[in-house]
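One structure is given below, encoded as structure tokens.
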Amino acid sequence: MSNTGRTAADVMIDIIHQQGVDYIFGLPGGAAIPMFDALVQSPIELVLTRHEQGAAHMADGYARASGKPGVVLVTSGPGATNTITGLLTAHMDSVPIVVICGQQTTGNLGLDTFQEADISGITFPLVKHSYLVKNPQDLPRITKEAFHIASTGRPGPVIIDLPKDVSSTIIDDDIDTSFTIPGYINDPEPNPEDIAQAAAMISRSTKPVLMLGHGAIISGAQKEIAEIVEKMQIPVVNTLLGKGIFPETHELNLGMPGMHGTAYANKALINADLIISVGARWDDRIAGNPDKFCPDALKIHIDIDPAEINKSIQVDCAIIGDARKVLDKMYSLLKPADTEKWLRQVARWKRDYPLKYKKEGKLKAQHVIEEMAQLAGPDAIITTDVGQHQMWAAQFCLTEKPNQWISSGGAGTMGFGFPSAIGAQLAHKDKTVVTVVGDGGFQMTLCELATAFNLKLPIKILLINNNYLGMVRQWQSMFYENRLSGVDLVGNPDFVRLASAYGCKGFRLKRSADVKKVLTAAMEYNDGPCIIDAEVAQQDDVFPMVPAGATLDNMLLEPPKHKLEKPEGST
Amino acid sequence: MKNSQHTISLLVCNRPGALIRIALVFARRGFNIDSLVVSESKDPHYSRMNIVATGEAKTLQLMLNQLNKLIDVVHAKDYSDTDVIQKEIALIKVGCTDENRTSILQIADAFKCRNVDISDSTMTFQVTGKSSKIDAVRKMFEPYHVLEIVRTGKILMARGDEETA
Ligand SMILES: Cc1ncc(C[n+]2csc(CCOP(=O)(O)OP(=O)(O)O)c2C)c(N)n1
Ligand SMILES: [Mg+2]
């Protein structure tokens, strides 16, 4: 045994650096000082955020954009609890983040000592795994394990709860860091019989739909998917988080299905004889009422997580394994079926039921978003917040490549958009990063303007300002006889002046005639973040819409003329 | 919704927090834990858990998948319909008088209960066997005065060469 006077924190930071990490997002406090002290000597750059929730979303955006785990470092108690929304967001969307929380000293645990929170206990349901480190000699191994678990298999958040006495102990620097995790299978070997069965089902189908989810992106299956689509001539739908795995500009791509999906994607699902999910978990925003979801279609589910199989939708064939490997093995077994008639039908739906909005009259969110996506180009990264603007962005920002669309799907976390854009921009300094946010959600994490300003990140914050918590207003207007309750954002700040208070640039956009001019000016501003305050029509609703818990054939293409039943079965 | 009772065996890493993670899966899927036995396995790095729980049969497989997904769980398996060695121990304290002492002892004898403590007014029996046998003994003692009962919970092991999951 030997030691060179280095603390467990020093050794941990070294190991984190060896994992390829170049940024840590966080905010210090007493219990985390040893870790922040270790960062002083480290090549890892600390991004000091203004709130720990922001740190968690930045790490999340960084991870989604780069494919590498994002790292968060916060203090005990309130510092740790402030990351909880970020943990839920990453957990729901299978994003690898490692959150290191300072903690009271081991002798003080359980005594309600200053800033003690049982963060491991609080977060059990929100993490893939967690560690409370009691023995400093374990920390190097645990750090490696944590990164391994977060980033392999179905990725997810891992927390390390790190008491201050543990992190500040001098440890040996030749500790064995090897580990085995007998209860963890990160790369299950797909069963060849399941693959053969699925291949036979696909080869027989004349009305198939390929449904691509986040799992397909995580596994890096774009090449395999493109080859299968080409060979088999199958129309594609992608989930909110699957955007980019197969170009949305491709004629066989029907975009997003589900609650606010395109009419043609939903019609294709309703009429399909076979739905093949690749890394998509039949989420209730797509399936609606799971008992009545496309009952006539056979269903295949490819997923690395066995716990997703038959969870919400009963399937006819399940393949457990990494999507890319499964599709690679399946390719040679596939024999093209006659899908020509089906493709013609799908093309007719695409022609007859396009997404539409009017550019005339009041400024439309869709118009601003569509124009922005076009100016930003196919290499830009677009992140979103949650609400109406998110759904319009999903509809009108056609994504061509993986990891260029970043949005909180499973958790639907308001406040995610802007900080996730900071993480994405740090991962790709050379790319254009746009974040589409609402006036409600932006205010939940706008303090990070200071963070983005310090880093001079040229993020375009496209603020779809309808002065409402618009998505909730839409539900109240459609299902609650327009009894508006708690949705009017009266008292909103002047966002352009707010931008300048933070040293950022602000652009006002009020008239549809100015869309191109203002957005072009914003695209050309690269000295730091800018806000485009787009004052859009206040009462616009997102269509198509399938009421929550209903079947896809209940899709509304335009505002209903009659009163609607309150949604049941899902929120 | 039809609830039924299930016997689940788990092999888990012997780490703090493992039990809570497992219990949370049961709770979230609406399963009530009827009994729970945790003990060190042959290898002290691992523990065995035998859990009897009541919940919806159709959720059982989903819950097992979620248990198996936990990093600390090496495997979790349902043994409800499998022929395995199953045992449970109970201590039953029965209040008695001079008049009924003999008939209580007769019942105890019929079920091969061991008399582990005796006083003027009580007798305490140890019953070993399948959980259903313990239920039966308890029922037989019911007309008398059952003062206390405590059960270890069901433990199980695969028969013959087969290794328990
Ligand atoms: C943290 C959080 N709180 C509440 C909600 C519920 N919610 C979903 S959308 C929405 C409205 C969002 O308003 P805004 O950010 O202005 O976007 P808009 O819908 O107007 O485009 C709300 C309140 C949520 N998703 N997240
Ligand atoms: Mg709004």
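Line by line, the protein sequences give chains B and X. The opening residue of the first sequence carries number 1 in our numbering; numbering runs sequentially from there. The opening residue of the second sequence carries number 1001 in our numbering; numbering runs sequentially from there. We put the beta carbon where it would ideally sit given N, CA and C, even for glycine. For clarity, every value in this text was computed on a predicted model and none was experimentally measured.
Worksheet item: For residue 995 of chain X, which residues in chain B fall below 7 angstroms Cβ to Cβ?
Response: The requested residue 995 of chain X is not part of the displayed model; chain X covers only 1001 to 1165.
Item to complete: Kindly say whether residue 138 of chain B, judged by its beta-carbon, lies nearer than 8 angstroms to any beta-carbon of chain X.
Response: In the first sequence, residue 138 of chain B corresponds to position 138, counting from 1. So, not an interface residue.
Worksheet item: Any heavy atom of ligand 1 closer than 7 angstroms to the Cβ of residue 471 of chain B?
Response: Start at 1 with the first residue of the first sequence, and residue 471 of chain B comes out as number 471. Yes, since a heavy atom of ligand 1 falls inside the 7 angstroms radius drawn around the Cβ of residue 471 of chain B.
Item to complete: Closer than 6 angstroms by C-beta to residue 132 of chain B: which residues in its own chain qualify, once you throw out the five before and the five after it? Chain order, please.
Response: What you label residue 132 of chain B is simply residue 132 of the first sequence in a count that begins at 1. Contacts found: 120, 161.
Worksheet item: Can you tell me where the alpha helix (DSSP H) with residue 389 of chain B in it begins and where it stops?
Response: Position 389 of the first sequence, counted from the start, is the residue given in the question as residue 389 of chain B. Note, residue 389 of chain B: alpha helix (DSSP H), 388-396.
Item to complete: Indicate the three-state DSSP secondary structure (helix, strand or coil) for residue 293 of chain B in the structure shown.
Response: The sequence position of residue 293 of chain B within the first sequence is 293, counting from 1. Here DSSP, grouped into helix, strand and coil, assigns residue 293 of chain B to coil.
Discussion item. Counting only Cβ-Cβ distances shorter than 8 angstroms, please list the residues of the region 302-320 of chain B near chain X, keeping chain order.
Written reply: 305, 306, 307, 309, 310, 311
Worksheet item: So, are the CB atoms of residue 266 of chain B and residue 498 of chain B less than 8 angstroms apart?
Response: One-based indexing of the first sequence puts residue 266 of chain B at position 266. One-based indexing of the first sequence puts residue 498 of chain B at position 498. No. Outside cutoff.
Worksheet item: Thinking C-beta only, is residue 408 of chain B closer than 8 angstroms to residue 89 of chain B?
Response: Position 89 of the first sequence holds residue 89 of chain B. Position 408 of the first sequence holds residue 408 of chain B. Taking 8 angstroms as the Cβ cut-off, residue 89 of chain B and residue 408 of chain B qualify as a contacting pair.
Discussion item. Given 7 angstroms as the limit, tell me if residue 492 of chain B has its C-beta closer than that to any heavy atom belonging to ligand 3.
Written reply: Absence of ligand 3 from the depicted structure is noted, with ligand 1 and ligand 2 being the only ligands included.
Worksheet item: Would the region 524-534 of chain B and the region 501-513 of chain B be scored as touching if the rule is three or more Cβ pairs under 8 angstroms?
Response: yes
Practice prompt. Please list the segments of the alpha helix (DSSP H) lying wholly inside the region 1120-1149 of chain X, counting only runs of 4 or more residues, in order along the chain.
Written response: 1131-1141
Worksheet entry | CB of residue 26 of chain B within 8 angstroms of CB of residue 74 of chain B, strictly | Here the question's residue 26 of chain B lines up with position 26 in the first sequence. Here the question's residue 74 of chain B lines up with position 74 in the first sequence. Yes. Within cutoff.
Worksheet item: Just the Cα atoms here: how many angstroms apart are residue 1006 of chain X and residue 1069 of chain X?
Response: Taking the first residue of the second sequence as position 1, residue 1006 of chain X is located at position 6. Taking the first residue of the second sequence as position 1, residue 1069 of chain X is located at position 69. Rounded to the nearest angstrom, the two C-alpha atoms are 19 angstroms apart.
Worksheet item: Who are the neighbours of residue 120 of chain B on chain X, taking C-beta pairs under 8 angstroms?
Response: As a position in the first sequence, residue 120 of chain B is number 120, starting the count at 1. Here the neighbours are 1017.
Item to complete: Give the straight-line distance between the Cα atoms of residue 545 of chain B and residue 557 of chain B, rounded to the nearest whole angstrom.
Response: Taking the first sequence and counting its residues from 1, the one referred to as residue 545 of chain B is at position 545. Taking the first sequence and counting its residues from 1, the one referred to as residue 557 of chain B is at position 557. For residue 545 of chain B and residue 557 of chain B, the distance between alpha carbons rounds to 7 angstroms.
Practice prompt. Verify the contact flag: residue 464 of chain B, CB atom, against every heavy atom of ligand 1, threshold strictly below 7 angstroms.
Written response: The residue given as residue 464 of chain B occupies position 464 in the first sequence. Yes, the Cβ of residue 464 of chain B comes within 7 angstroms of a heavy atom of ligand 1.
Worksheet entry | Inter-stretch contact (C-beta, 8 angstroms, three-pair minimum) for the region 291-302 of chain B and the region 377-389 of chain B | no
Worksheet item: Does any C-beta atom of chain X lie closer than 8 angstroms to the C-beta of residue 87 of chain B?
Response: Here residue 87 of chain B is taken as the residue at index 87 of the first sequence, counted from 1. It does not; no Cβ of chain X falls within 8 angstroms.
Worksheet item: To which residues does DSSP link residue 317 of chain B through a beta bridge?
Response: One-based indexing of the first sequence puts residue 317 of chain B at position 317. DSSP output for residue 317 of chain B lists B:300 as bridge partner(s).
Worksheet item: If we ignore side chains and look at the alpha-carbon of each, how far apart do residue 1014 of chain X and residue 85 of chain B end up?
Response: Taking the first residue of the second sequence as 1, we reach residue 1014 of chain X at position 14. Taking the first residue of the first sequence as 1, we reach residue 85 of chain B at position 85. Their backbone Cα atoms lie some 30 angstroms apart in a straight line.
Item to complete: Determine the burial state of residue 142 of chain B: buried for a count of at least 16 other Cβ atoms within 10 Å of its Cβ, exposed for fewer.
Response: Here the question's residue 142 of chain B lines up with position 142 in the first sequence. By the 10 Å Cβ count, residue 142 of chain B comes out buried.
Worksheet item: Using the beta-carbon of each residue, which ones in chain X are nearer than 9 angstroms to residue 124 of chain B?
Response: Residue numbering aside, residue 124 of chain B sits at position 124 when the first sequence is read from its first letter. The answer, in chain order, is 1017, 1020, 1021, 1024.
Worksheet item: Short check: CB of residue 327 of chain B to CB of residue 225 of chain B, under 8 angstroms?
Response: Here the question's residue 327 of chain B lines up with position 327 in the first sequence. Here the question's residue 225 of chain B lines up with position 225 in the first sequence. Against a cut-off of 8 angstroms, the Cβ pair of residue 225 of chain B and residue 327 of chain B comes out as a contact.
Discussion item. For residue 318 of chain B, count the other beta carbons within 10 Å of its own beta carbon; 16 or more makes it buried, fewer makes it exposed. Which is it?
Written reply: Numbered from 1 along the first sequence, position 318 holds the residue referred to as residue 318 of chain B. A buried status is given to residue 318 of chain B, since no fewer than 16 other beta-carbon atoms sit within 10 Å of its beta-carbon.
Item to complete: State buried or exposed for residue 91 of chain B, treating a residue as buried only when at least 16 other CB atoms are found within 10 Å of its CB.
Response: One-based indexing of the first sequence puts residue 91 of chain B at position 91. Buried: at least 16 other Cβ atoms inside 10 Å.
Fill in: Endpoints, beta strand (DSSP E) assigned at residue 372 of chain B
Position 372 of the first sequence, counted from the start, is the residue given in the question as residue 372 of chain B. It is not in any beta strand (DSSP E) - residue 372 of chain B instead sits in the alpha helix (DSSP H) that spans 365-376.
Worksheet item: Taking a cut of 8 angstroms between CB atoms, which residues from the region 1055-1071 of chain X lie near chain B?
Response: 1061, 1062, 1065, 1066, 1068, 1069, 1070, 1071
Worksheet item: residue 132 of chain B touches chain X at which residues, Cβ-Cβ below 9 angstroms?
Response: Along the first sequence, one-based indexing puts residue 132 of chain B at 132. Within chain X, the residues 1016, 1017 have their CB atoms less than 9 angstroms from the CB of residue 132 of chain B, given in chain order.
Worksheet item: In chain X, which residues lie less than 7 angstroms from residue 148 of chain B when you measure between Cβ atoms?
Response: As a working note, residue 148 of chain B is residue 148 in the first sequence. What residue 148 of chain B touches in chain X: nothing, since even the nearest Cβ is about 10 angstroms away.
Practice prompt. Evaluate residue 1106 of chain X with the Cβ neighbour count: other Cβ atoms within 10 Å of its Cβ, from every protein chain shown; 16 or more gives buried, anything less gives exposed.
Written response: If you number the second sequence from 1, residue 1106 of chain X lands on position 106. With fewer than 16 other Cβ atoms within 10 Å, it is exposed.
Worksheet item: Roughly how many angstroms separate the alpha carbons of residue 263 of chain B and residue 434 of chain B, rounded to a whole number?
Response: Taking the first residue of the first sequence as position 1, residue 263 of chain B is located at position 263. Taking the first residue of the first sequence as position 1, residue 434 of chain B is located at position 434. Rounded to whole angstroms, residue 263 of chain B to residue 434 of chain B spans 27 angstroms at the Cα level.
Discussion item. Within 8 angstroms of any Cβ in chain X, is that where the Cβ of residue 129 of chain B sits?
Written reply: Taking the first sequence and counting its residues from 1, one reaches residue 129 of chain B at position 129. Look at residue 129 of chain B: its C-beta is under 8 angstroms from a C-beta on chain X.
Item to complete: Could you check which residue in B:374, B:39, B:347, B:425 has the C-alpha nearest to that of residue 383 of chain B?
Response: Looking up residue 383 of chain B in the first sequence gives position 383. Closest by alpha carbon: B:425.
Discussion item. Can you tell me which residues form a DSSP beta bridge with residue 543 of chain B?
Written reply: The residue you call residue 543 of chain B lines up with position 543 of the first sequence. According to DSSP, which records beta bridges pairwise, residue 543 of chain B is partnered with nothing at all.
Fill in: For residue 488 of chain B, the residue or residues it bridges with in DSSP
By 1-based counting over the first sequence, the position of residue 488 of chain B is 488. According to DSSP, residue 488 of chain B bridges with B:468.
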